[in-house]
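Down below is the structure, laid out as structure tokens.
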Amino acid sequence: EFDAPDNQPVSLCFILLVPKDANEVHLQILGELAQLFGDEAMRGRMLQAESVTDLIALLGAWTS
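This is the structure in structure tokens:
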């Protein structure tokens with residue numbers, strides 16, 4: 001249970017780990033993730049991925 005604001009079940013979750021002193025990189029990655037998750041078609045493709053390999057390929061091919 002993630003207590004989502006829309007009370008819908010969570011279907012995608014990402015964890016971001018960055019070095020302690022990487023604030024700029026951290027913010028840049030967060031911005032890209034916001035764009036990625038804002039792409040409805042991409043979210044659909046991620047949900048349909050059949051393997052981790054498929055998901056990694058999708059993420060690698062995605063452009064903002």
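Residues 1 to 64 in the UniProt record's numbering are what the sequence shown lists, from first letter to last. Built from N, CA and C at the ideal position, the CB exists for glycine as well.
With DSSP run on the structure shown, which of helix, strand or coil describes residue i?
| i | result |
| --- | --- |
| residue 15 | coil |
| residue 8 | coil |
| residue 49 | coil |
Can you tell me where the alpha helix (DSSP H) with residue i in it begins and where it stops?
| i | result |
| --- | --- |
| residue 37 | 23 to 38 |
| residue 57 | 52 to 61 |
So the candidates are the options; which of them puts its Cα closest to the Cα of residue i?
| i | options | result |
| --- | --- | --- |
| residue 61 | 23, 42, 47 | 42 |
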